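Mapping to the UniProt record's numbering: the sequence shown position 147 is 147, numbers consecutive. Note that beta-carbon positions come from the ideal geometry of N, C-alpha and C, so glycine has one too. Treat the numbers as computed from the prediction; the structure is a model and nothing was measured.
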Amino acid sequence: MFDRCYLSAELLINWQRRQQDAHWLVPVKGNTKYRIVKTFGEGDHLVEMQASPHARKLDNTLPEFWQARLIECEEGPGGYRGFITSLTEPETYPKDALRYVYQERWSIENGYGELKQFQLNTATLLRSQKAKGVYQEICGLLTAYNLIRMEMSQIAREAKVAPLRISFVMAMRLIQDELIWCSLGKPGTIPTKLRKMRENVKQFILPEKRKRPKERTVRISKTQYPVHSKHLK
Numbered sequence: 001m002f003d004r005c006y007l008s009a010e011l012l013i014n015w016q017r018r019q020q021d022a023h024w025l026v027p028v029k030g031n032t033k034y035r036i037v038k039t040f041g042e043g044d045h046l047v048e049m050q051a052s053p054h055a056r057k058l059d060n061t062l063p064e065f066w067q068a069r070l071i072e073c074e075e076g077p078g079g080y081r082g083f084i085t086s087l088t089e090p091e092t093y094p095k096d097a098l099r100y101v102y103q104e105r106w107s108i109e110n111g112y113g114e115l116k117q118f119q120l121n122t123a124t125l126l127r128s129q130k131a132k133g134v135y136q137e138i139c140g141l142l143t144a145y146n147l148i149r150m151e152m153s154q155i156a157r158e159a160k161v162a163p164l165r166i167s168f169v170m171a172m173r174l175i176q177d178e179l180i181w182c183s184l185g186k187p188g189t190i191p192t193k194l195r196k197m198r199e200n201v202k203q204f205i206l207p208e209k210r211k212r213p214k215e216r217t218v219r220i221s222k223t224q225y226p227v228h229s230k231h232l233k
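Right under this line is the structure:
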C-alpha cells in the first residue's frame, strides 16, 4: 500500500512485472486523469490512464496506456476519495473488503504517528543500548499505547461518541498525571480517581469533522518572473 505521492506508471507497472503475484494499492490524486473502461458496480470501475511521455522516455518498455481498478470512497482520513489497485477481479477481491483494508491501513498509520510524535516526544532513538532492552522498551511502549486506547474507548462509550473524537494527547497527559497520583495514594482511592479522570477527559471531546466546503487548491507563490505551471490555466 503506497501513499499517493507514489502514483507513478513506471513504479507500479514495474512493481508488478517483477513478480506476478505482487499487487499494489494507492490513493488517487485530485488531478489524476483516467477513462472508465468498465463498471463493476457502484463506485467500482476499471479505468485506463496514460503514461506520461517523460516516464516513457526514461523507460521505453512502458505502454502508452495502462489499466487499473478504481474504487471510490467517501472522503476519509488523509482526505482521500478513492484508490486504484492492481487487484482487478471483483469476484476475488470485493470492493468493500478492499475499502476496509485501506481504512485499516490509515488507522495503523495514525497509531504509529501518535506513538512516535506524542509518546516518544519525537525522539529518534530508543534509550536502550542492548537488544534485550530494546525489545523490552518497545513492548512497554506498545502496552502503554494500547492501555491508553482502551481507556479512551471506555470514555467514548460512556460519553456516547466515536472513540476517534477523544483527544489522544489530552487523554495520555491526564492518564500520566493520574498514574503518578495513584502511586502516592491508597489503593482504595484508585476507582474514584479513575472516574474523575474519565470525567475530565470528556472535556476534550473533539467536534465532529466538517466536510471541506471547497475543493483543495494549490497556492501559487508570487514571483516577479514568468511562471509556467500545470496549476495555472
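*Report the residue ranges of all alpha helix (DSSP H) runs contained in full by the UniProt domain "Transposase IS4-like" (3 to 147); include only those spanning at least 4 residues, in chain order.*
Qualifying alpha helix (DSSP H) stretches, in chain order: 9 to 18, 53 to 58, 95 to 114.
*Alpha carbon to alpha carbon, what distance is there between Lys132 and Glu10?*
Within the sequence shown, the letter at position 10 stands for residue 10. Within the sequence shown, the letter at position 132 stands for residue 132. Answer to the nearest angstrom: the Cα atoms are 42 Å apart.
*Could you tell me whether the region 156 to 176 touches the region 199 to 208, where touching means 3 or more Cβ pairs closer than 8 Å?*
Counting Cβ pairs under 8 Å, three or more are found: they touch.
*Cβ neighbours of Gln154 in the same chain (closer than 8 Å, five flanking residues each side left out)*: On the sequence shown, position 154 is the one that residue 154 refers to. Only Arg198 meet the Cβ criterion.
*Nearest to Arg127 by CA position, among Glu137, Ile71, Glu114, Ser52, is which residue?*
Here residue 127 corresponds to residue number 127 of the sequence shown, with the count starting at 1. That would be Glu137, whose Cα lies nearest to the Cα of Arg127.
_On the criterion of 16 or more Cβ atoms from any shown chain inside 10 Å, does Arg157 qualify as buried, or is it exposed?_
On the sequence shown, position 157 is the one that residue 157 refers to. By the 10 Å Cβ count, Arg157 comes out exposed.
*Roughly how many angstroms lie between the CA atoms of Ala159 and Asn200, to the nearest whole one?*
To locate residue 159, count along the sequence shown from 1; it is residue 159. To locate residue 200, count along the sequence shown from 1; it is residue 200. Straight-line Cα distance between these residues: approximately 12 Å.
*Among the residues of its own chain, which have a CB less than 6 Å from the CB of Asn110, if the five just before and after it don't count?*
Stepping through the sequence shown from its first residue, residue 110 is reached at position 110. Residues of the same chain with their beta carbon placed closer than 6 Å to that of Asn110 are lacking, with the five preceding and five following residues left out of the count.
*Among all the DSSP beta bridges, which residues are the ones paired with Ile180?*
For the purposes of this step, residue 180 is taken as residue 180 along the sequence shown, with counting starting at 1. Partner residues in a beta bridge of Ile180, as assigned by DSSP, do not exist.
_Could you pull the DSSP bridge partners for Ile190 from this structure?_
Here residue 190 refers to the residue found at position 190 of the sequence shown. Beta-bridge pairing links Ile190 to no other residue.
*Please classify Tyr102: is it buried, with 16 or more other beta-carbons within 10 angstroms of its beta-carbon, or exposed?*
Within the sequence shown, numbered from 1, the residue matching residue 102 stands at position 102. In this structure Tyr102 is buried. Its beta-carbon is surrounded by 16 or more other beta-carbon atoms within 10 angstroms.
*With a Cβ-Cβ cutoff of 8 Å, do Tyr51 and Leu58 count as a contact?*
Counting from 1 along the sequence shown, the entry for residue 51 is found at position 51. Counting from 1 along the sequence shown, the entry for residue 58 is found at position 58. Residue identity differs from the one stated: residue 51 is Ala in this sequence, not Tyr. No, they are not a contact pair.
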